[in-house]
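A.B. asks:
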Amino acid sequence: MSAVFEKPSYLSRVAPMLHGFDGPLAFAVFLLACAGLLTMYSSGFDYGSRFVDHGRNMLLAGVIMFVVAQIPPQRLQTFAVPLYMAGVALLIAVAVFGITKKGARRWLNVGIVIQPSEILKIAMPLMLAWWFQKREGQMRPLDFLVAGLLLIVPVGLIVKQPDLGTAILVTAAGFAVIFFAGLSWKLILPPLMLGIVGATLIVFFEPQLCADGVRWPLLHDYQQQRVCTLLDPSKDPLGKGFHIIQGMIAIGSGGVLGKGFMQGTQTHLEFIPERTTDFIFAAYSEEFGLLGNLFLICGFLFLVLRGLGIALEASTVFSRLLAGAITMIFFTYAFVNMGMVSGILPVVGVPLPFISYGGTAMVTLGLGLGILMSIAKAKRLVQS
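So the sequence shown is numbered by this note's numbering: it starts at 17 and just counts up by one.
1. For residue 357 and residue 263, I'd like the C-alpha separation in whole angstroms.
2. Under a three-way DSSP split, which group does residue 117 fall into?
3. According to DSSP, is residue 432 part of a helix, a strand, or is it coil?
4. Pull up the DSSP beta-bridge partners for residue 125, would you.
5. Leaving aside the five residues before and after residue 304 along the sequence, list all residues of the same chain whose C-beta is less than 6 Å from its C-beta, in chain order.
6. Have a look at residue 232 and residue 217 and give me their C-alpha separation to the nearest angstrom.
7. Locate the alpha helix (DSSP H) running through residue 358, then write down its first and last residues.
8. What would DSSP say about residue 259, mapped onto helix, strand or coil?
9. Below 8 Å on the Cβ atoms is my guess for residue 339 versus residue 301; work out the distance and round it to an integer in Å.
10. Expressed to the nearest angstrom, what Euclidean distance is found between the alpha-carbon atoms of residue 372 and residue 154?
11. Figure out for me which residue from 70, 221, 42 has the closest Cα to the Cα of residue 296.
12. What would DSSP say about residue 242, mapped onto helix, strand or coil?
13. For residue 306, which residues of its own chain have a beta-carbon under 6 Å away from its beta-carbon, when the five flanking residues on both sides are left out?
14. Just to confirm, is the Cβ distance from residue 367 to residue 377 under 8 Å?
15. Distance, Cα to Cα, residue 129 vs residue 114?
16. Tell me whether residue 83 is buried or exposed, calling it buried when 16 or more other Cβ atoms sit within 10 Å of its Cβ.
17. If I follow the unbroken alpha helix (DSSP H) through residue 202, where does it start and stop?
18. What separation, rounded to the nearest whole angstrom, lies between the Cα atoms of residue 354 and residue 341?
19. Taking the beta carbon of residue 11 as the centre, do at least 16 other beta carbons fall within 10 Å, making it buried, or is it exposed?
20. With distances taken between CB atoms, is the gap from residue 351 to residue 369 smaller than 8 Å?
21. Counting only the same chain and skipping the five closest in sequence on each side, list residues whose C-beta sits under 8 Å from that of residue 164.
22. How many whole angstroms separate the CB atoms of residue 327 and residue 348, which I take to be in contact at a CB cut-off of 8 Å?
23. So, helix, strand or coil for residue 290, using DSSP?
24. Can the beta-carbon of residue 97 be found less than 8 Å from the beta-carbon of residue 146?
25. Using only alpha-carbon positions, find the residue among 206, 239, 280 that is nearest to residue 119.
26. Taking the alpha-carbon positions, what's the residue 43 to residue 81 distance?
27. For residue 215, does the count of other Cβ atoms within 10 angstroms reach 16, so buried, or fall short, so exposed?
28. Thinking C-alpha only, which one of 258, 322, 106 is nearest residue 139?
29. When the distance is taken between beta carbons, is residue 73 closer than 8 Å to residue 375?
30. Is the separation between the beta-carbon of residue 149 and that of residue 332 shorter than 8 Å?
31. Verify whether the separation of the beta carbon atoms of residue 133 and residue 179 is less than 8 Å.
32. Three-state secondary structure (DSSP) at residue 316?
33. Between the Cα of residue 365 and those of 184, 284, 277, 388, spot the shortest distance and give me the residue it belongs to.
34. Taking the straight line between their C-alpha atoms, what separation do you get for residue 390 and residue 87?
35. Could you check the C-alpha separation between residue 280 and residue 299 for me, to the nearest Å?
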């Protein structure tokens with residue numbers, strides 16, 4: 017009698033890879049991606065191949081997410097130190113012989129032109145989560161000081177480029193790990209209160225601080241101009257204040273229900289600058305109105321809450337801290353972008369996740385989602 021061996025079907029081979037994927041998280045990302053494709057088609061249909069490229073970037077992010085989700089958190093932990101060291105080394109290389117564009121030295125030619133600061137968005141939380149995992153059960157105040165130094169070094173190099181948007185995202189990711197690791201509120205509240213008092217004083221003394229000839233220490237001229245423009249965009253409505261004014265007009269003109277898909281006048285008459293990238297939220301708001309904004313905000317809120325839920329359920333310190341930090345990256349992306357377009361935060365180069373055009377940002381989002389899926393998958397496999 018000869019044994020008969022049946023070749024396993026393609027579905028049976030793929031099924032184990034899909035087992036353990038977090039359904040709620042995937043559903044939230046799917047809804048946000050659909051909103052992004054709709055908005056990109058409307059705002060970028062006459063903007064070359066932006067819509068097609070945006071769809072391609074989404075597919076690439078999906079592939080990256082799927083691949084990274086197959087890597088167990090324990091394996092991800094081994095990449096922490098090498099990736100962090102490589103990122104810092106590349107940032108130093110940028111400072112020495114990087115490529116300068118529009119007054120900023122952010123890029124490096126290594127056969128292809130790359131922006132090393134993007135690596136730190138993932139490398140920073142990986143490194144700090146690895147550090148606190150190693151210190152589990154024997155945490156001392158000195159450990160938080162070391163973590164602070166690990167965060168300050170790359171952030172300082174990124175600020176020097178200058179790239180304030182990426183510096184904010186890397187700082188948010190690193191600080192989230194330090195906070196979730198148990199940083200005392202006694203150390204958080206003083207600088208927080210100092211920041212609130214400082215912001216209040218800047219608003220109160222805006223006429224004097226933003227007068228011609230006044231220069232602020234530690235900030236570049238363009239960064240000072242962004243803050244002053246935020247405080248009073250009407251001072252230069254056709255120059256520095258144009259972005260904020262047109263963004264607020266577009267958001268306000270959308271009303272409750274919006275003007276309708278493909279009906280945004282501010283968008284299609286090209287009053288909104290960067291309508292497919294940093295200011296795409298204004299284009300979205302004009303066409304889909306307050307209800308559309310509530311849908312988008314609820315989508316991001318659900319994604320953040322689900323990410324924090326995955327962090328709470330994680331079985332190791334490394335996984336818990338990493339998941340929490342990755343989740344806060346998504347929150348920072350959305351909060352800063354919506355805030356700057358709405359005129360409550362200075363304009364910085366931070367895209368809106370899944371909505372704004374940009375290949376590098378989409379790859380970073382795919383990596384982050386893959387890590388969250390990996391952590392959720394590891395927990396479910398253990399439970400099963």
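Heads up, the beta-carbon is just placed ideally off N, CA and C, and yes, glycines get one too.
C.D. replies: The structure says:
1. 6 Å
2. Strand at residue 117.
3. In the structure displayed, the chain extends from 17 to 400; residue 432 sits before or after that span and is not available.
4. Looking at the DSSP assignment, residue 125 forms a beta bridge with 129.
5. By the criterion of a C-beta distance shorter than 6 Å, residue 304 is surrounded in its chain by 274, once the five residues flanking it on both sides are discounted.
6. 14 Å
7. Run containing residue 358: 333-358, per the alpha helix (DSSP H) assignment.
8. helix
9. Not a contact, Cβ separation roughly 31 Å.
10. 43 Å
11. 70
12. In the structure shown, residue 242 sits in a helix (DSSP, three-state: H, G or I).
13. 272
14. yes
15. 10 Å
16. exposed
17. 201-220
18. 20 Å
19. Lying before the first or after the last residue shown, residue 11 is absent from the chain, which here runs from 17 to 400.
20. no
21. 194
22. In fact, because the Cβ distance is near 15 Å, the residues do not count as touching under 8 Å.
23. Of the three classes helix, strand and coil, the one that applies to residue 290 here is coil, per DSSP.
24. Cβ distance < 8 Å, so residue 97 and residue 146 count as in contact.
25. 239
26. Each residue's CA atom was taken as its position, placing residue 43 and residue 81 some 14 Å apart.
27. In this structure residue 215 is exposed. Its beta-carbon is surrounded by fewer than 16 other beta-carbon atoms within 10 angstroms.
28. 106
29. yes
30. yes
31. Yes, these two residues count as a Cβ contact at 8 Å.
32. helix
33. 184
34. 6 Å
35. 7 Å
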